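Numbering (the working numbering), first residue to last: 211 to 550.
Just so it is clear, CB atoms sit at the ideal spot from N, CA and C, and this is done for glycine as well.
Note that the structure is predicted; figures quoted are calculated from it, not measured.
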Amino acid sequence: MSEKKFNVAVAGATGAVGNQMIACLEERNFPVKSVKFLASSRSVGRQIRFRGDMIPVEELKEDSFKGIDIAIFSAGGGPSEKFAPCAAKDGCVVVDNSSAWRMDPQVPLVVPEVNPHAIADYRNKGIIANPNCSTIQMLVALNPIRKKCGIRRIVVSTYQAVSGTGKKAIDELFDQTRAMINFLDWKKNVYPHRIAFNCLPHIDKFMENGYTKEEMKMVNETRKIFEDKSIGVTATTVRVPVFYSHSESVNVETKEYISAEEVKKLLAHAPGVRLADDPANNVYPLAIDAAGQDLTLVGRIRQDESIPNGINMWVVADNIRKGAATNAVQIAEILAKDYL
Ligand code: NAP
Ligand code: 3JN
């Protein structure tokens, strides 16, 4: 019997995430019958190569989704809020990369290695949300620990690459770095301060409680995906002058004791994880090793000696791939295989 194939749309196709989503559909040999690439009116006239064919970019509009089976969105929160319901109304299932729908109780929020069962709830609104990149990699690393001994509290600090802000931020780090090393004047447009040779403890907007939206995304999304409102989560998110891959220092307090050695054994066989933990030989997760591939690297696993049930670890993943595009395409694969 021949494999079922799907009409697929990519909204935000010209962006950093959209580009990678298209590459993932190709790399993973997604069962595509036809593709449609959508972006703003600014991109009309451009063409994007897909499996050897040049596909014209069309403007994202309310009627863009007629005849489309699956649409993967990464055009930002505003367009997702406006156009995902239009797509769903036309019978298309949306996998949305923005924060617009993540906390809607009717919309499943999915990391395939953690809660693939939630995909079934796509039927509520025809929308599945992809979590924030920083949440995804943390939960891929923590889920095996949660399943084995429960989690009481997570304290996380992130070191996030500029690609998380999109194409303009990649250019800004490059341009500022080149200007600085040539003793030239540098300009800033994307971030409120220079990002070259600097760290900014500020990702997304500040909220009334003093945290940023990015920090609160990590708190709220973790509780939703783990289906546990009682987990304590506190985050500090920091932008660093790295192009690709987010790194995270994760401290986890478990409900039952687990040794660092047991955590290493668990993570050595965990889905989506590569253990990189041999400090004696300088082996630990690095942004440059995580970039360009889909596994979440975990290392520096050690006991938190300040509490009875604590573990520290260093978690690194490619934010554009596993943090956004790959996770979305993995969701689409499960949808295509098990539900459509
Ligand atoms: P980017 O490089 O700036 O690309 C933005 C894309 O959205 C472009 O294709 C752009 O089209 C399109 N777009 C913008 N406004 C639009 C509009 N009004 N109508 C139609 N298309 C529009 O940004 P990015 O890094 O790819 O991120 C895009 C979005 O993905 C983010 O806003 C965020 O919601 C989501 N994202 C999620 C994660 C995650 O953690 N899972 C990570 C990064 C990004 P033009 O080229 O025509 O302007
Ligand atoms: O900054 C990062 O490293 C990740 C950025 C994610 C992002 C950027 C713009 C808008 C998001 C997101 O996915 O949470 C959004 C959004 O709120 O949709």
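Rounded to the nearest angstrom, how far is the Cβ of Val508 from that of Leu485, given a contact under 8 Å? Position 298 of the sequence shown, counting from 1, holds the residue named residue 508. Position 275 of the sequence shown, counting from 1, holds the residue named residue 485. The pair is a contact, with the Cβ atoms about 6 Å apart (cut-off 8 Å).
Excluding the five sequence neighbours on either side, which residues of its own chain have a C-beta within less than 8 Å of the C-beta of Ala219, listed in chain order? Numbered from its first residue, the sequence shown carries residue 219 at position 9. Result list for Ala219: Val245, Lys246, Phe247, Leu248, Ser274, Phe275, Ile278, Ile280, Ala281, Ile282, Ala297, Cys302, in chain order.
Contact set for Lys335: own chain, Cβ-Cβ below 8 Å, skip 5 residues either direction: As a first step, residue 335 must be located in the sequence shown, where it is residue number 125. Hits under 8 Å: Pro295, Ala298, Trp311, Asp314, Gln316, Val317.
Between the stretch 220-240 and the stretch 375-390, do three or more beta carbon pairs fall short of 8 Å? yes
Which term fits His456, buried or exposed, when burial requires 16 or more other beta carbons within 10 angstroms of its beta carbon? Here residue 456 corresponds to residue number 246 of the sequence shown, with the count starting at 1. By the 10 Å Cβ count, His456 comes out buried.
Candidates Glu471, Phe393, Lys271, Val324: closest to Asp300 by CA position: Counted from its first residue, the sequence shown places residue 300 at position 90. The residue with the shortest Cα to Cα distance from Asp300 is Lys271.
Are the CB atoms of Val448 and Leu410 nearer to each other than 8 Å? Locating residue 448 in the sequence shown gives position 238, where the first residue counts as 1. Locating residue 410 in the sequence shown gives position 200, where the first residue counts as 1. Their beta carbons are under 8 Å apart, which means Val448 touches Leu410 by this criterion.
Out of Lys532, Ser469, Thr506, state which residue places its alpha-carbon closest to the alpha-carbon of Cys234. Here residue 234 is taken as the residue at index 24 of the sequence shown, counted from 1. Of the listed residues, the one whose Cα sits closest to Cys234 is Lys532.
Can you give the Cα-Cα distance for Arg512 and Ser344, rounded to whole angstroms? Your numbering for residue 512 matches position 302 in the sequence shown. Your numbering for residue 344 matches position 134 in the sequence shown. Looking at the two C-alpha atoms, the distance is approximately 21 Å.
For the alpha helix (DSSP H) containing Val227, list its first residue and its last residue. Within the sequence shown, the letter at position 17 stands for residue 227. It spans 226-237 - the alpha helix (DSSP H) in which Val227 sits, taken as one unbroken run.
Can Ile413 be considered in contact with the ligand 3JN, in the sense that its beta carbon sits closer than 7 Å to one or more heavy atoms? Position 203 of the sequence shown, counted from the start, is the residue given in the question as residue 413. Yes - the ligand 3JN has a heavy atom lying nearer than 7 Å to the Cβ of Ile413.
Let me know if Asp589 comes out buried or exposed under the rule of 16 or more other beta-carbons within 10 Å of its beta-carbon. Residue 589 is absent from the model: the chain starts at 211 and stops at 550.
Collect the residues with a C-beta less than 6 Å away from any heavy atom of the ligand FAD and give them in sequence order along the chain. In terms of ligand content, the structure shown lacks the ligand FAD and carries the ligand NAP and the ligand 3JN instead.
Would you list the one or two residues that DSSP bridges to Thr447? For this step, residue 447 is matched to residue 237 along the sequence shown. The partner list for Thr447 (beta bridge, DSSP) reads Thr368.
Please determine if the stretch 343-360 and the stretch 520-528 are in contact, where contact requires at least 3 C-beta pairs separated by less than 8 Å. Yes, they touch.
Give the DSSP bridge partners of Trp311, in chain order. Position 101 of the sequence shown, counted from the first residue, corresponds to residue 311. Paired residues: none, contrary to the question.
In terms of residue numbering, what span does the alpha helix (DSSP H) encompassing Ala470 cover? The residue labelled residue 470 in the question sits at position 260 within the sequence shown. From DSSP, the alpha helix (DSSP H) with Ala470 extends over 470-478.
Using only alpha-carbon positions, find the residue among Asn408, Arg363, Val350 that is nearest to Ala371. Locating residue 371 in the sequence shown gives position 161, where the first residue counts as 1. The option with the nearest alpha carbon to Ala371 is Asn408.
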